[in-house]
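Worksheet: one structure, shown below.
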Amino acid sequence: MKMGVRMDYELVKVGGATLRVHSHEVTIRQAGDWRLVECTAYSKDGWKSLKLYLDRPAKKNVWRLGVKGEYMAGTSDSVLLVEFYPEMREWVVAQANGRDVALPADDGAPPRAIYIPPKVREFVIESILERKASGMLPLSHKSQTKKLGRYIVDMIAEEFNVSAAKAKSYVTALIDCGVIEFALIDTHKRISGLRLVKKEAANG
Numbered sequence: 000m001k002m003g004v005r006m007d008y009e010l011v012k013v014g015g016a017t018l019r020v021h022s023h024e025v026t027i028r029q030a031g032d033w034r035l036v037e038c039t040a041y042s043k044d045g046w047k048s049l050k051l052y053l054d055r056p057a058k059k060n061v062w063r064l065g066v067k068g069e070y071m072a073g074t075s076d077s078v079l080l081v082e083f084y085p086e087m088r089e090w091v092v093a094q095a096n097g098r099d100v101a102l103p104a105d106d107g108a109p110p111r112a113i114y115i116p117p118k119v120r121e122f123v124i125e126s127i128l129e130r131k132a133s134g135m136l137p138l139s140h141k142s143q144t145k146k147l148g149r150y151i152v153d154m155i156a157e158e159f160n161v162s163a164a165k166a167k168s169y170v171t172a173l174i175d176c177g178v179i180e181f182a183l184i185d186t187h188k189r190i191s192g193l194r195l196v197k198k199e200a201a202n203g
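Per numbering that gives the first Met the number 0, residue 0 is the first one in the sequence shown, and the count goes up by one each step.
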């Protein structure tokens, strides 16, 4: 019998998205459309494993975050949170530390668009096209492809001297705005990867 965290959960509609809400999630604070929970099964060594839910129609309805004291871990979700709703970072950190502060005044505003430098956009598009033309396995934004040399996030981070979290936020933004997509590339070998959406391929 395997020991570990029981993955008991229920599927819940949050802002139109169907998300897994686990039994070990404990609500820290709910205000407006936001709900901050602690994933108690994963909090350890002073770190609080958190989820921040947004219960209204949006491109992203949950952020997985880590907070220790006044420090928020530099994950791809924390980068996206700061890009989309920059004022929410301080709110999350305060609530995680037991300080009940008010939601930012512009909480209801739409998320800010992530700025993708043109050189990054061109690099990603060219890299995808080069892999396709050479018959190599497609690039991916899934971390398990690191050892296969297919992980586009590491390539962006190295090429432009940015953090992996920032690089991943660029890839996520390119997917969200319809420039690239993650899809099944080879149906026979069941290989998935990144490709240009048809309109981008036509423009390229």
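Just so you know, even glycine gets a beta-carbon here, dropped at the ideal spot from N, CA and C. These numbers were taken from a predicted model, which means no experiment stands behind them.
What would DSSP say about residue i, mapped onto helix, strand or coil?
{"i": "L173", "result": "helix"}
{"i": "V61", "result": "strand"}
{"i": "D76", "result": "helix"}
{"i": "A104", "result": "coil"}
{"i": "R88", "result": "helix"}
{"i": "V161", "result": "coil"}
{"i": "V81", "result": "helix"}
{"i": "K188", "result": "coil"}
How many angstroms separate the CA atom of residue i from the CA atom of residue j?
{"i": "R215", "j": "I179", "result": "Any question about residue 215 goes unanswered here, given that the chain covers just 0 to 203."}
{"i": "L35", "j": "E158", "result": "35 Å"}
{"i": "D54", "j": "F83", "result": "15 Å"}
{"i": "A57", "j": "W90", "result": "19 Å"}
{"i": "L79", "j": "R189", "result": "30 Å"}
{"i": "M154", "j": "L147", "result": "12 Å"}
{"i": "E199", "j": "S75", "result": "Confidence in E199 is poor, its pLDDT being 47 and thus under 50, which makes the residue's placement unreliable; the coordinate value appears in the next sentence. Taking the straight line joining both Cα atoms gives about 25 Å."}
{"i": "N202", "j": "C176", "result": "Note that N202 scores 45 on pLDDT, short of 50, meaning its location in the model is unreliable; the coordinates nonetheless yield the value given after this. Cα-Cα distance, rounded: 15 Å."}
{"i": "P137", "j": "G68", "result": "40 Å"}
{"i": "A93", "j": "I27", "result": "11 Å"}
{"i": "P116", "j": "I174", "result": "15 Å"}
{"i": "M71", "j": "W46", "result": "9 Å"}
{"i": "L183", "j": "A104", "result": "42 Å"}
On the CB-based measure, 16 or more other CB atoms within 10 Å of its CB, does residue i come out buried or exposed?
{"i": "Q29", "result": "exposed"}
{"i": "V11", "result": "exposed"}
{"i": "V25", "result": "exposed"}
{"i": "M135", "result": "exposed"}
{"i": "V100", "result": "exposed"}
{"i": "S37", "result": "The residue you asked about is not Ser; residue 37 is Glu in the sequence shown. Label assigned to E37: buried."}
{"i": "D7", "result": "exposed"}
{"i": "H187", "result": "exposed"}
For the ligand GDP, I want to know if residue i counts as a neighbour, meaning its beta carbon is within less than 6 Å of at least one of the ligand's heavy atoms.
{"i": "P56", "result": "This structure lacks the ligand GDP, and indeed carries no ligand of any kind."}
*Give, in chain order, every unbroken run of the alpha helix (DSSP H) that is at least 4 residues long and sits entirely within the stretch 110 to 153.*
You should have 117 to 133.
_So within the stretch 4 to 45, which uninterrupted beta strand (DSSP E) runs reach at least 3 residues, ignoring any that extend past its ends?_
With a minimum length of 3 residues, the continuous beta strand (DSSP E) runs that stay inside the stretch 4 to 45 are 8 to 13, 16 to 21, 24 to 30 and 33 to 38.
*On the three-pair Cβ rule with 8 Å, is the stretch 123 to 143 touching the stretch 26 to 45?*
No, the stretch 123 to 143 does not touch the stretch 26 to 45.
*Pair every Cβ in the stretch 113 to 123 with every Cβ in the stretch 57 to 66, then say whether three or more of these pairs are closer than 8 Å.*
No, they do not touch.
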